[in-house]
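The letter at position 13 of the sequence shown is residue 953 when you use the numbering used here, and the numbering goes up by one with no holes.
See structure below.
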Amino acid sequence: LERYHEAVPHYQPALSGIFAHEAAMMLSLAQAQFAIQEFAACQQTLEDVMRYNPDFQSADGHLLFARTLAAQEKYADAESEFEVLISYYPGPQARIYYAEMLAKMSRLREANEQYVAVVDTAKRSRPHYRKHHREWIKTANERLKQSVVQ
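This is the structure in structure tokens:
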């Protein structure tokens, strides 16, 4: 439904009592905060997830953290997170978002390297992977075609 503005106020009372630091619910709150561009609040929520749930691991949460840093133009910190993410994230999303950040920083050659990696991985992967990630692969191909740097 994408009614994130309505969702955020409902998370606050839900995150109380024994659920005050429930990781999955906190991650959902962070996703809603990101969607409504409350990036500082999103970062704080994600840092709280890490502080109160040190054993909680989420590739999607990690990607959201990197994107949140990038959205706040904390590029050095975001780049550190993206460098880790691209080594283990199960799909092409991490590389696409990393490439978009690099492009915003006018590092077009490095951005293209990420898009090429997405396309190359897709070529080597099984049909199921290509079908599941069709839109991300299409995005990478389109960005490479539009690129002024080859």
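Beta carbons: idealized from backbone N, C-alpha and C, even for Gly.
In this text the structure is predicted, and so the values were computed from the model without any measurement.
*Close beta carbons around H1072, own chain, < 8 angstroms, minus the five adjacent residues each side*: Taking the sequence shown and counting its residues from 1, one reaches residue 1072 at position 132. Here the set comprises G1031.
*Can L1084 and Y1055 be called in contact, C-beta distance under 9 angstroms?*
Position 144 of the sequence shown, counted from the start, is the residue given in the question as residue 1084. Position 115 of the sequence shown, counted from the start, is the residue given in the question as residue 1055. Yes, these two residues count as a Cβ contact at 9 angstroms.
_CB contact flag (V948, A972, <9 angstroms)_ = By one-based count along the sequence shown, residue 948 stands at place 8. By one-based count along the sequence shown, residue 972 stands at place 32. For V948 and A972, yes; Cβs fall inside 9 angstroms.
*For the alpha helix (DSSP H) that Y1037 lies in, which residues bound it at each end?*
Your numbering for residue 1037 matches position 97 in the sequence shown. Its alpha helix (DSSP H) spans residues Q1033 to K1044.
*May I ask which residues mark the beginning and end of the alpha helix (DSSP H) holding N993?*
Locating residue 993 in the sequence shown gives position 53, where the first residue counts as 1. N993 -> no alpha helix (DSSP H), and no H or E assigned at all.
_For R1007, which residues in the same chain have their Cβ closer than 6 angstroms to its Cβ, ignoring the five residues on either side in sequence?_
Numbered from 1 along the sequence shown, position 67 holds the residue referred to as residue 1007. Excluding residues within five positions, the ones whose Cβ falls inside 6 angstroms are Y1037.
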